[in-house]
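Visitor: Take a look at the following structure, please.
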Amino acid sequence: MLDLDVIWRNLPFLMLQGFLGIGNFVGGTLRLAIPSIILGFLLGIFIGIARLAPQWWIRMPATVYVEFFRGVPLVMVIFWMWFVMPIVLKTSIPEFGVALTAFVVFEAAYLGEIVRAGIQSVPRGQVEAARALGLGAAQSMRWVVLPQALKNMIPSLVTQFIVLFKDTSLASIIGFMDLTKAAQVVNNREIRPFPLYLFIAVVYWICTYSMSRYARYLEKRIGPA
Amino acid sequence: MRGPRGGGTRRVNYQFRWSVLWTGESGQWLLSGLITTLELSAVAWLIAIILGIASGSLRTVRFWPLRTVATFYVEFFRNVPLLVWMFFWYFAVPPLLPDGVQQWLFANGLEFWAAVCALGVYSGARFSEVLRSGIQSIPRTQLEASVASGLTTFQAYRYVILPVALRIIIPPGTNESLNLLKNSSVALTISVAELTFQTRQIETYTAKAIEALTAGTLIYLVLCVSLASIMSWVERRTAIPGLIVGGRQRR
């Protein structure tokens, strides 16, 4: 049942091609996850700030954006990007671009909510003090509010990053050669589903579990001061 | 799967034809997809709730072996992508089952039951975390008082802790239930004919991607919004005056 040989034989393909993205195919779980996390977080910051804007014409589109993407499955968003991006951009888009766009757009809605909650957790007096010292609205956001908000957000941010990391496996449905797709490819040849899928489950688990341990450590070290 | 790639660059402008949604078999497909999505989600939800209540409670008991088993279940199943679990339950588990069970599964839609198991067990681990935080928000003295008045630990959980904890977690539990509903779309990878699968089918037959995706997306949005409002009604109906508010304020 547990044929470890099959994993050993295919380890370079699974780990180098599937996990890291080094090889003949466009792929790699990490190569997709890292830019998705960074870009999704950047877009999330803007959406979180926009959700709190005093002007309704900034606040409302951001609210609609968040509510829309939180009500739709990620698989659906991936298909949207896959079919619509080539139509709109009038050129074919590689799987990597489609998957990256889908993840950034989708996760930014969730990350935006976290950023909003983080900003709201900063006492109002901080903004007032910053403005009283002569900082502009943008400056007080950048130098006073966001640094404190970020500290409060870290636990939920890392949780969301873990979710995003797991979600990257869905890129395999449009043919992106990530860890899941690599296991599928190997399984098609070897027909050893049990050890193969268990192996990639463990690889994903090691990554996500260490991320969540790190989050717990940060939570304890930074703590509510 | 077939996609817009491979055909080189398409410079033709997209022609909308919304009528594909109500001509031909599209309506039937969407309806059957919707029903499958609801069935899949409902059965998986039941499994998830049972597993979640059991493991979430066990994670808060004093007896460490039970706590360890529950922690292992939650941490392992929650931290691996649902897609991997779909493949695992669909490809890897059936060969290990006895022949009779295998035959029954092949005759009764293996992919549906594999998806139910994958979604139920995965979401159970997530529900477990929600319930655990609910239980932990109830003061420990409640349990101590129940045990002191002669209840066993099981009875204390059944009659004192869980009725309050389950009410406290209705809002985050609703969130998790909606996640379950949305996650059921991953079942299309093992060819369960649920809503996203049928949306793709319409696209395959009519080559009208935007129309098909719009229909599917709207159905998901309506489902999510209506479920959320039903749950907020349930929350109001089941509220114990004073108690829940007290439970929230303590945090």
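Chains A and B, in that order, give the protein sequences. Mapping of the first sequence onto our numbering: position 153 corresponds to residue 417, and the numbering continues sequentially without gaps. Mapping of the second sequence onto our numbering: position 153 corresponds to residue 181, and the numbering continues sequentially without gaps. Quick reminder that beta carbons are idealized off the backbone N, C-alpha and C, glycines included. Every value quoted in this text rests on a predicted model; they were computed, and no experiment measured them.
1. What three-state label does DSSP hand residue 84 of chain B in the structure shown?
2. Is it buried or exposed, residue 29 of chain B, if we count other Cβ atoms within 10 angstroms and call 16 or more buried?
3. Tell me whether residue 451 of chain A is buried or exposed, calling it buried when 16 or more other Cβ atoms sit within 10 Å of its Cβ.
4. Roughly how many angstroms lie between the CA atoms of residue 298 of chain A and residue 154 of chain B, to the nearest whole one?
5. Using DSSP's beta-bridge definition, name the partner residues of residue 291 of chain A.
6. Here's a check: name, in chain order, each residue in its chain whose Cβ is nearer than 7 Å to the Cβ of residue 307 of chain A, leaving out the five neighbours to either side.
7. Comparing C-alpha positions only, which one of B/161, B/205, B/101 sits nearest to residue 73 of chain B?
8. Of all the CB atoms in chain C, is at least one closer than 8 Å to the CB of residue 440 of chain A?
9. For the pair the stretch 340 to 348 of chain A and the stretch 272 to 279 of chain A, tell me if three or more CB-CB distances fall below 8 Å.
10. Within the 8 Å Cβ cut-off, does residue 252 of chain B reach chain A?
11. Going along chain B, which residues have a C-beta under 7 Å from residue 330 of chain A?
12. How many Å lie between residue 171 of chain B and residue 196 of chain B at the Cα?
13. Is it buried or exposed, residue 281 of chain A, if we count other Cβ atoms within 10 angstroms and call 16 or more buried?
14. Assuming residue 222 of chain B and residue 61 of chain B are in contact, meaning their beta carbons sit under 8 Å apart, how far apart are those beta carbons, in whole angstroms?
15. If residue 380 of chain A and residue 323 of chain A are in contact, beta carbons under 8 Å, what's the gap, nearest whole angstrom?
16. Residue 246 of chain A versus chain B: which residues are under 8 Å apart at the beta carbon?
17. Scan the stretch 439 to 474 of chain A and note each continuous alpha helix (DSSP H) run of 4 residues or more that stays entirely inside, going in chain order.
18. Counting contacts by CB-CB distance shorter than 8 Å, is residue 568 of chain A in contact with chain B?
19. Can you name, in chain order, every residue of its own chain whose Cβ lies under 7 Å from the Cβ of residue 202 of chain B, other than the five neighbours on each side?
20. For chain A, find out if any of its Cβ atoms is closer than 8 Å to the Cβ of residue 134 of chain B; answer yes or no.
21. Residue 141 of chain B lies in the alpha helix (DSSP H); which residues open and close that run?
22. When the Cα atoms are used, what is the spatial distance from residue 209 of chain B to residue 247 of chain B?
23. Please list the segments of the alpha helix (DSSP H) lying wholly inside the stretch 308 to 348 of chain A, counting only runs of 4 or more residues, in order along the chain.
24. I believe residue 413 of chain A touches residue 386 of chain A by the beta-carbon criterion, under 8 Å. Please report the beta-carbon distance rounded to the nearest angstrom.
25. Quick one, which residues of the stretch 468 to 485 of chain A are near chain B if we go by CB-CB under 8 Å, in chain order?
Guide: This is what the structure gives:
1. helix
2. Reliability fails at residue 29 of chain B, whose pLDDT of 46 lies under 50, so the model's placement of it is uncertain and no value is given.
3. buried
4. 24 Å
5. A/441
6. 368, 372
7. B/205
8. Among the protein chains of the structure shown, namely A and B, there is no chain C.
9. no
10. yes
11. Within 7 Å Cβ-Cβ: nothing; residue 330 of chain A doesn't reach chain B, min ~13 Å.
12. 16 Å
13. buried
14. 6 Å
15. About 11 Å separates the two Cβ atoms, so there is no contact after all.
16. Within the shown structure, residues of chain A are numbered from 265 to 489, placing residue 246 of chain A beyond reach of any answer.
17. 443 to 454
18. Outside the modelled stretch of chain A, which goes from 265 to 489, sits residue 568 of chain A, for which no answer is possible.
19. 256, 259
20. no
21. 138 to 164
22. 12 Å
23. 320 to 334
24. 5 Å
25. 468, 469, 472, 473, 476
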